[in-house]
Amino acid sequence: MLDDHQTPLPERLTDQGLLPGAGDFPADGRMAVRDPATGGLTAQVAISDAKGARAAVDAAQAAFPAWSAMLPQHRATILHRWHALILEAREDLALIMVAEQGKPISEARGEIDYAASFVAFYAEEALRPNIEGVTSHLPDAEMELWREPVGVAALITPWNFPCAMITRKAAAALGAGCTVVIHPSAETPLSALALAVLASRAGFPDGVVNTVIGDAATIVGVWTGDPRVRALSFTGSTEVGRLLYRQSADTVKRLVLELGGHAPFIVFEGCDLDRAVAEAVKAKFATSGQDCLGANRFYIHRPVYDDFCARFAAAVDKLTLAPGMQDGDLGPLIHDRAIAKQVAHVADAVAQGARILTGGAVDGDQGPLFFQPTVLADVPDSAAIMREETFGPVAALSVFDTEDEVISRANASEYGLVAYVHSLDPRRIYRLTRALQYGMVAVNRTKVTGAPIPFGGMKQSGIGREGARQGLEAFTDIKYICRDWA
Ligand code: NAD
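All residue numbers for the sequence shown refer to full-length UniProt numbering, where the first residue is 1 and numbers rise by one.
This is the structure:
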């Protein structure tokens, strides 16, 4: 059991209005937010119910005509102000994130920069032309395509990137002229509320940005059933994504689903092995492995298998575990279900013949939600960790012999978000990048994300893209105009 001592955040966060104060609890009740490093109470937040969820849509619907009609440069100005305020509050937002999500403070700061970059990007993108000409195929006709905002957009976000997953969706929707209702994860409502406070200070008119905290199935259930909600953008597990896909069918919503990943990390002989090891550590252990882009399955070419296993295990052995404010390499996992999954995946792999090269258990010295960075070797394809997302700091290594074999094993998954390849052979890289059924392929590197690229997956990793120009698509409809002057 987690103990119940307080994990205080600086009072100035409450004084500045970035955290709810003790008196901020109206009728609907409250919910505790806990620090995963200590189990202590970080804060309490007011929660809403179905009535609150409907009221948010009422407000967003009422605000839509004026917001969508506002000149794009005025919307852009407000987005630019939001961007500036987020960066000004960078340290405070990072503190709040650590206190509810647990990630190391340097990662939290990096996430604030990443989150802000989407706001800046879509402030600019709002100014790009939203009218396209068409070469006419009819005599005397003039043709144009207009991109128009769809209306109210519902944004549902997870706990692993509590700020960036909100801004990645919200900035695109708002820049396009939609109004939004946001439901953040129950684990990380404080980051969402702080972003909402900053949005209000940036000058978004009332009703344009609405954040609702409460029971996910109730709140989101109201939104999926409401025909006024025209678009739904969800980041989270494939399981919940399927449910929301079904729930959105009756009202034919535009959908963006950013779902699970189960990334293969493929290392060929002849690559820069030092670099492959360093990138493998990043690809697996950033955000303590709780990243949809996290590498889960490592396929290593036989000629370098033993060498890679030894070097990778040695590098992982050096990683430090600590509460986020102490800025170790890894922080705690989010909840005990996440710990249970690591324990189960390790036990299952070992029972099927895998060897533990390092780690393998909860780190009792740090606390019940800290799991040791773990490397398993000789993991058979039948092991659960080779088939399911682990979403934690356990790396499963397996040997392969041929290119065709590794392509087929890497593609043998319902997921298709990102794949990592290490090779210095250009032809091989070409063949791999063509053959891998993944929305993103990273060659000889790990970091691929950023506001200007279309982030998203193939197969059951999702639908649609976020970031880039493509991130506007689900929030806009195309209107085709055909004019005849003759
Ligand atoms: P989750 O699916 O459990 O929850 C995500 C969100 O959905 C939360 O806000 C939650 O409150 C809400 N939710 C949960 N049950 C719901 C229901 N019945 N009805 C409506 N809403 C519901 O996912 P999680 O555990 O918070 O996040 C981890 C998952 O997210 C992993 O699978 C990971 O791969 C995925 N993820 C994907 C991306 C991406 O961009 N593709 C990014 C981050 C995380």
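Don't be surprised by glycine CBs; every beta carbon is placed ideally from N, CA and C.
Small disclaimer: the values here were computed from a predicted structure and weren't measured.
### Task
With DSSP collapsed to three states, give me the class of Y438.
coil
### Query
Do E142 and R483 have their CB atoms nearer than 8 Å?
yes
### Message
Taking CB distances under 8 Å as the criterion, tell me whether S191 reaches chain D.
### Response
Among the protein chains of the structure shown there is no chain D, as only one such chain exists.
### Task
Could you name the residues of the same chain whose beta carbon sits closer than 8 Å to that of V222, not counting the 5 residues immediately before and after it, in chain order?
A50, A53, R54 and V57
### Query
What first and last residue would you give for the alpha helix (DSSP H) that runs through T167?
A164 to A176
### Query
Which two residues bound the contiguous beta strand (DSSP E) that contains C482?
T476 to D484
#### Entry: Beta-carbon proximity check, I105 vs A202, cutoff 8 Å
no
### Query
With 16 as the cutoff for other CB atoms within 10 Å, does Y415 come out buried or exposed?
buried
### Message
Counting C-beta neighbours from all protein chains within 10 Å, is the total for R275 16 or more, i.e. buried, or is it exposed?
### Response
exposed
### Close beta carbons around I407, own chain, < 6 Å, minus the five adjacent residues each side
A435
### Message
Please tell me whether A115 and I156 are closer than 8 Å, where the distance is taken between their beta carbons.
### Response
no
### Query
Taking all protein chains shown into account, do 16 or more other C-beta atoms lie within 10 angstroms of the C-beta of A340, making it buried, or fewer, making it exposed?
exposed
### Task
Quickly, what does DSSP pair V181 with across the bridge? List them, please.
A154 and N210
### Message
Looking at the ligand NAD, does it come within less than 7 Å of W146, judged from the CB to the closest heavy atom?
### Response
no
### Message
For Q44, list the residues DSSP reports as bridge partners.
### Response
A32
### Query
Is the segment 121-137 touching the segment 181-193 in the sense that three or more CB pairs, one from each, lie closer than 8 Å?
Judged by Cβ distances under 8 Å, the segment 181-193 makes no contact with the segment 121-137, as fewer than three pairs qualify.
### Task
Check the C-beta distance from P303 over to A410 and give it rounded, since I have them as a contact under 8 Å.
Their Cβ separation, rounded to whole angstroms, is 19 Å, which puts P303 and A410 out of contact at 8 Å.
### Query
Whose CA, out of E403, G464 and T188, lies closest to the CA of F268?
E403
### Query
If you measure from the CB of E258, is any heavy atom of the ligand NAD nearer than 7 Å?
yes
### Query
Are the segment 91-109 and the segment 203-220 in contact at 8 Å, needing three or more beta carbon pairs?
Taking a cut-off of 8 Å for Cβ pairs, the segment 91-109 and the segment 203-220 do not touch, as fewer than three such pairs fall below it.
### Message
What does the Cβ neighbour count give for Y480, buried or exposed, with the cut at 16 atoms within 10 Å?
### Response
exposed
### Task
Would you list, in sequence order, the uninterrupted alpha helix (DSSP H) runs of no fewer than 4 residues that lie entirely inside the segment 387-470?
403-411 and 426-435
### Task
Identify whether residue 489 lies in helix, strand or coil by the three-state DSSP scheme.
Nothing in the structure corresponds to residue 489, since the chain is present only between 1 and 486.
### Query
Between the C-alpha atoms of L330 and L243, what's the straight-line distance to the nearest angstrom?
L330 and L243 have their C-alpha atoms some 32 Å from each other.
### Separation of D327 from V134, as counted between CA atoms
54 Å
### Query
DSSP three-state call for L259: helix, strand or coil?
coil
### C-alpha distance - A59 paired with D215, whole-angstrom precision
20 Å
### Query
Are at least three pairs of beta-carbons, each pair with one atom in the segment 379-397 and one in the segment 288-299, less than 8 Å apart?
yes
### Task
Could you tell me the boundaries of the beta strand (DSSP E) in which T374 lies?
T374 to A377
### Query
Does DSSP put T320 in a helix, in a strand, or in coil?
coil
### Query
When we look at the beta-carbon of E466 and count the other beta-carbons within 10 Å, is it buried (16 or more) or exposed?
buried
### Query
What residues in its chain sit with their C-beta under 7 Å from that of G456, if we drop five residues either side in the sequence?
E258, G439, G462, G464, R465 and E466
### Query
Between M458 and the rest of its own chain, which residues show a CB-CB distance below 7 Å, the 5 nearest in sequence each way excluded?
G416, Q437, Y438 and G439
### Query
Do you know offhand how far V301's Cα is from A344's?
At residue 301 the sequence reads His, which differs from the Val that was named. Each residue's Cα considered, the two are about 27 Å apart.
### Task
Just tell me which of Q460, W485 and I453 has its CA closest to the CA of Y122.
I453
#### Entry: Environment of D226 [buried if 16+ CB atoms lie within 10 Å]
buried
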